[in-house]
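K.L.:
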Amino acid sequence: MNLKSLLIALALASTLATGALADGHWSLKKAAEPYAGTTIDVVFLLRPGYEAIEAMLPAFEAETGITVNIIKHPYENALGEQVRDFVAGGDLDIALIDLVWIGNFAENEWILPIDEFTSNPDLADPDLDIDDFFPLVLNAFGGWNDVIYGLPFDNYSGLLFYNRCMLEEAGFDGPPETWEELKDVYGPALTGDGKYAFALQSKRNETQSADSFARVIWPFGGSFLDENFRSNLLSAESQAGLKFRQDLMQYMPDGIVAYDHAEVVNAFAQGDVAMITEWSAFYSTVVSPETSKVADCVEIAPEPKGPAGRKPALGGFSLAVAAQADDDERAAAWLFIQWATSKANAVEYLERGGVPARKSAYADMSLAETYKFIPALVESWQDGVPEFRPRFAEWPVLTEIVQEWGSKMMLGEVSTEEGARILGEQMEAVLEEAGYYNGEKPLVQ
Amino acid sequence: MAHGKVSRRTLFAFLSPAVLGLALVGIVPLLYALWTSLHFFNLTKLRKVKFIGLENYGSVLTDPVFWEAMGRTFFLLGTALPIQIALGLVIALVLHQPGLSLLKTLTRLSLVLPMATTYAVVGLLGQVMFNQKFGVVNQLLGGADINWIGDPTNAFIMIIFWDVWQWTPFVALVMLAGLAMVPGEIEEAAQLETKNWWTVLRYVQLPFLVPGLVAVLILRTADTLKLFDMVFTLTRGGPGASTEFISLMIQRVGFRGFDQGLASAQAIILLIITIILAQIYIRVFYKEV
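As structure tokens, this is what we get:
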């Protein structure tokens, strides 16, 4: 044995003797030993996926001695709260990142790439199996510019929730396959006597831009931006989608522009609306007899296809270690993220109302009998568009513009052409100032 | 030091805590807002902070969306405030009548309740009460199917309703305090001179009401210009932009778009408008007294 080999052997032995691999097997308990007593702060939303992991949390805290301090916010406050915390060098050790925030957080260096932890054998679970995440979800929710920062945590795909009983009563034996069919065939048959065929949540917040506006432009072949980052909203395809939405409103409840997720889910759960396109995360609400009058009638299908194919809404979150955390907090935060998104916990997370992004969690087909959304979800995650909403740092400004003019279009205050023209001009002004047109920033979304 | 005079040191000692407190919570943030308004200052682009002079002010003053929000705010003020003053005055005059002292005491106490209700709670109550399908308002209207929150005009009417509900009692109490200042013998003498209540109100009671009225105008104007919580929880400025008042717009720019520089410029302009209006109220109405 030469000197180099001897040194390597000694170093390895030292690592094994002191680290999480002491007996040759990595364990969370051993990995967390140096960080017992550490408290990590994280923002959670008031949604089922967070309640699920919160219910599982005592097991993590008991095993690691790490305390997870959860700060709960409604979605609409979560970005602002986190931005202010990171700007002020606050307490958050974990960033909760909506897929449209990832560019913002990464460019500001508020979050750390996962490489820092996966390359550390003391912290990296050998069963992490990064390839087990759906690639679309991992890249869209946790990746930016070919670097992975976060692991997918609270994962959504847009799904068509339909009331089988109402559809059967109207003579349909299944859901619509296309958006046109939904409007032209199912719309008239299911609307009347205070009931509506469809409800598209369109309130003037992220719901308007993500759930309503983007949902109608992509299946019709449209998009927010073209390949040069110029507005594509006046293209024939985008206009077709926006005009389709205007036509579809006749089969939606009055005042749909004031409907947020809660309103459409409630309208569906009360049996007033036959179909909604909602995030998978609301599944547990509509199938629970405690919160739904139509629990026995709920069926799930992928979102309808448009002329450009099935382009379901894509949304969801990842958890990433915050750069402002100190070394112990970073390690503890990583251990929590790794645990919360692990293969081992995915099925329990699913059973408690969460939606994991692990392929292995859906391998057991018998689960699909209990969780009807699984086949549609898995199919949607094959076809989704990562840039369903651009993920760059300018999105928080762009979404406000989309919300304003998207709402005005729906209210008939401007035509789809005029609204798209103004919206496009304002979007381009923001992108120009950001430096996308002079080569200062790469055209990455 | 002359006998009976307080030394400057004592004056400073008594005044300085209040002045320091005021400076810390009022003047320092104001100066900071002034500083940010002169800079490109976006919370998500702090590496790009730079002095841009009056560019933010130029953007605000030429932004039609800002003036639309300002117009909407003044329209709200122009519709809600006269209703509040009229109703408040009627309530005050009724409560100023002699007799029924227990009932009047109870009424005065109940007037405090709307004012004591948190703005955000009023908005949340509004969401429930004005719900098109399940709301009590439509039920009281005979099962009407009025879309309050999702219709731009109805949403605006709803905001006026809640503003009037919450702040009419304040106006009534201020007016009542003003009426209590009228010397009883003068009021009685006037009532012996004429049976015309308007004459008594105009020439005897109104002069005593003017200081309170000016205070109401100033406070309600400032309140309306900074009206945020109730509208945010009730309509979030929607549908469309129909209830996006100036404070909601500033919050949107500053805390959802994170452009603190532009939002600060908007806030400073709003402050200037508020001060000018307060000065106008004082000069015009006091001159009339």
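So the sequence lines, in the order shown, correspond to chains A and B.
Its first residue numbered 1333, the first sequence is counted upward by one per residue in the numbering used here.
Its first residue numbered 850, the second sequence is counted upward by one per residue in the numbering used here.
Idealized CB from N, CA, C, for every residue including glycine.
Which term fits A/A1590, buried or exposed, when burial requires 16 or more other beta carbons within 10 angstroms of its beta carbon?
P.N.:
Looking up residue 1590 of chain A in the first sequence gives position 258. Counting Cβ neighbours within 10 Å, A/A1590 comes out buried, since at least 16 surround it.
K.L.:
Check A/V1687 in the structure and name its three-state DSSP category.
P.N.:
Here residue 1687 of chain A refers to the residue found at position 355 when the first sequence is read from its first residue. In this structure, A/V1687 counts as coil in the three-state DSSP scheme.
K.L.:
Cβ of A/I1588 less than 8 Å from any chain B Cβ?
P.N.:
Residue mapping note: residue 1588 of chain A aligns to position 256 of the first sequence, counting from 1. So, interface residue.
K.L.:
Taking the beta strand (DSSP E) that A/W1611 belongs to, which residues open and close that run?
P.N.:
In the first sequence, the residue the question calls residue 1611 of chain A occupies position 279. Where A/W1611 is concerned, the enclosing beta strand (DSSP E) stretches over V1605 to W1611.
K.L.:
Do A/G1648 and A/D1486 count as a contact pair if the criterion is CB distance below 8 Å?
P.N.:
In the first sequence, residue 1486 of chain A corresponds to position 154, counting from 1. In the first sequence, residue 1648 of chain A corresponds to position 316, counting from 1. In this structure, A/G1648 lies closer than 8 Å to A/D1486 by Cβ.
K.L.:
Put A/D1447 into one of helix, strand or coil per three-state DSSP.
P.N.:
Taking the first sequence and counting its residues from 1, the one referred to as residue 1447 of chain A is at position 115. Helix at A/D1447.
K.L.:
Return helix, strand or coil for B/K854, following the three-state DSSP convention.
P.N.:
For the purposes of this step, residue 854 of chain B is identified with residue 5 of the second sequence, where counting begins at 1. Residue state, collapsed to three classes: coil.
K.L.:
In or out: A/P1303 buried (at least 16 other Cβ within 10 Å) or exposed?
P.N.:
Because chain A spans 1333 through 1777 in this model, residue 1303 of chain A falls outside it and cannot be assessed.
K.L.:
Grab me the residues of A/G1751's own chain with a C-beta within less than 7 Å of its C-beta, minus the 5 sequence neighbours each way, in chain order.
P.N.:
Within the first sequence, numbered from 1, the residue matching residue 1751 of chain A stands at position 419. So the qualifying residues of the chain are W1737, K1740 and M1741.
K.L.:
Let me make sure I understand the geometry here. Which of B/A965, B/M1007, B/L903 and B/A1029 has the alpha-carbon closest to that of B/Q946?
P.N.:
Stepping through the second sequence from its first residue, residue 946 of chain B is reached at position 97. The candidate whose alpha carbon is nearest that of B/Q946 is B/A1029.
K.L.:
My parser needs the alpha helix (DSSP H) runs of 4 or more residues fully inside the region 939-976 of chain B; what are they?
P.N.:
950-965
K.L.:
Kindly say whether A/N1495, judged by its beta-carbon, lies nearer than 8 Å to any beta-carbon of chain B.
P.N.:
Counting from 1 along the first sequence, the entry for residue 1495 of chain A is found at position 163. Taking Cβ atoms only, chain B never reaches closer than 8 Å to A/N1495, which makes this a no.
K.L.:
Name, going along the chain, the residues of the region 1101-1129 of chain B whose beta-carbon falls closer than 9 Å to a beta-carbon of chain A.
P.N.:
R1101, V1102, F1104, R1105, G1106, F1107 and D1108
K.L.:
Could one say the Cβ of A/N1440 lies closer than 8 Å to chain B's Cβ atoms, at least one of them?
P.N.:
Translated into positions along the first sequence, residue 1440 of chain A becomes position 108. For A/N1440, the answer is yes, since a Cβ of chain B falls inside 8 Å of its Cβ.
K.L.:
Can you tell me which of the three DSSP states A/W1476 falls into?
P.N.:
On the first sequence, position 144 is the one that residue 1476 of chain A refers to. In the structure shown, A/W1476 sits in a strand (DSSP, three-state: E or B).
K.L.:
Is the separation between the beta-carbon of B/V1013 and that of B/Q1109 shorter than 8 Å?
P.N.:
One-based indexing of the second sequence puts residue 1013 of chain B at position 164. One-based indexing of the second sequence puts residue 1109 of chain B at position 260. Against a cut-off of 8 Å, the Cβ pair of B/Q1109 and B/V1013 comes out as no contact.
K.L.:
Report buried or exposed for B/T885, applying the criterion of at least 16 other Cβ atoms within 10 angstroms of its Cβ.
P.N.:
Residue 885 of chain B sits at position 36 when you count from the first residue of the second sequence. So B/T885 ends up on the buried side.
K.L.:
Measure the C-alpha to C-alpha separation of A/Y1518 and A/A1640 and round it to an integer number of angstroms.
P.N.:
Position 186 of the first sequence, counted from the first residue, corresponds to residue 1518 of chain A. Position 308 of the first sequence, counted from the first residue, corresponds to residue 1640 of chain A. If you take the alpha carbons of A/Y1518 and A/A1640, they lie about 21 Å apart.
K.L.:
Just curious, the alpha helix (DSSP H) that A/P1728 is in, first and last residue?
P.N.:
Residue 1728 of chain A sits at position 396 when you count from the first residue of the first sequence. Per DSSP, the unbroken alpha helix (DSSP H) holding A/P1728 starts and ends at W1727 to L1743.
K.L.:
According to DSSP, simplified to helix, strand and coil, what is B/I1125?
P.N.:
One-based indexing of the second sequence puts residue 1125 of chain B at position 276. Here B/I1125 sits in helix by DSSP.
K.L.:
Does A/A1415 get closer than 8 Å to chain B when you measure Cβ to Cβ?
P.N.:
Here residue 1415 of chain A refers to the residue found at position 83 of the first sequence. Just to set this straight, residue 1415 of chain A is Val in the shown sequence, not Ala. By this cut-off, A/V1415 is an interface position.
K.L.:
What's the call for A/M1759, buried or exposed, on a 16-neighbour Cβ count within 10 Å?
P.N.:
Numbered from its first residue, the first sequence carries residue 1759 of chain A at position 427. Result: buried.
K.L.:
Can you list the residues of chain A that B/A1090 reaches, using a CB-CB cut of under 9 Å?
P.N.:
Numbered from 1 along the second sequence, position 241 holds the residue referred to as residue 1090 of chain B. Per Cβ cutoff of 9 Å: R1536, E1736, S1739, K1740 and E1745.
K.L.:
Do we get a CB-CB distance below 8 Å when we pair B/G984 with the residues of chain A?
P.N.:
The count along the second sequence starts at 1 and reaches residue 984 of chain B at position 135. No, its Cβ sits nowhere closer than 8 Å to a Cβ of chain A.
K.L.:
So is B/N987 buried or exposed if we call it buried at 16+ other beta carbons inside 10 Å?
P.N.:
In the second sequence, counting from the first residue as 1, residue 987 of chain B sits at position 138. Buried.
K.L.:
Cα separation between B/W1046 and B/I1067?
P.N.:
Residue 1046 of chain B sits at position 197 when you count from the first residue of the second sequence. Residue 1067 of chain B sits at position 218 when you count from the first residue of the second sequence. Distance between the alpha carbons of B/W1046 and B/I1067 is about 28 Å.
K.L.:
Determine the DSSP secondary structure at B/P1056, reduced to helix, strand or coil.
P.N.:
The residue given as residue 1056 of chain B occupies position 207 in the second sequence. Residue state, collapsed to three classes: helix.
K.L.:
Can you pull the DSSP bridge partners for A/L1377?
P.N.:
Locating residue 1377 of chain A in the first sequence gives position 45, where the first residue counts as 1. BP columns for A/L1377 point to A/H1405.
K.L.:
Take B/A1021 and list the residues in its own chain whose beta-carbon comes closer than 7 Å to its own, dropping the five residues that flank it on each side.
P.N.:
Indexing the second sequence from 1 puts residue 1021 of chain B at position 172. If we look at B/A1021 and ignore the five residues flanking it on each side, its Cβ neighbours are G937, I940, A941 and L960.
K.L.:
With DSSP as the reference, label A/D1457 as helix, strand or coil.
P.N.:
Here residue 1457 of chain A refers to the residue found at position 125 when the first sequence is read from its first residue. Under the three-state reduction of DSSP output, A/D1457 falls in the coil class, being neither helix nor strand.
K.L.:
Quick one: does B/V1049 have its CB under 8 Å from some CB of chain A?
P.N.:
Indexing the second sequence from 1 puts residue 1049 of chain B at position 200. No, because no Cβ of chain A sits closer than 8 Å to the Cβ of B/V1049.
K.L.:
What does A/E1732 touch in chain B if you count any residue whose Cβ is under 9 Å from its own?
P.N.:
In the first sequence, counting from the first residue as 1, residue 1732 of chain A sits at position 400. Those within 9 Å of A/E1732 in chain B are R1101, V1102, R1105 and G1106.
K.L.:
For A/N1487, return the contacting residues in chain B, with the cut-off set at a CB-CB distance below 9 Å.
P.N.:
Residue mapping note: residue 1487 of chain A aligns to position 155 of the first sequence, counting from 1. Here the premise fails: no neighbours, minimum Cβ distance about 24 Å.
K.L.:
Out of curiosity, what's the CA-to-CA distance linking A/S1624 and A/L1492?
P.N.:
As a working note, residue 1624 of chain A is residue 292 in the first sequence. As a working note, residue 1492 of chain A is residue 160 in the first sequence. Their Cα atoms are separated by approximately 16 Å.
K.L.:
Tell me where the alpha helix (DSSP H) around A/N1487 begins and ends.
P.N.:
Numbered from 1 along the first sequence, position 155 holds the residue referred to as residue 1487 of chain A. Counting along the chain, A/N1487 falls outside any alpha helix (DSSP H), though it belongs to the beta strand (DSSP E) covering L1483 to N1495.
K.L.:
B/A1004 and B/P1088: beta carbons closer than 8 Å?
P.N.:
Along the second sequence, one-based indexing puts residue 1004 of chain B at 155. Along the second sequence, one-based indexing puts residue 1088 of chain B at 239. If you check the CB distance, B/A1004 and B/P1088 come in under 8 Å.
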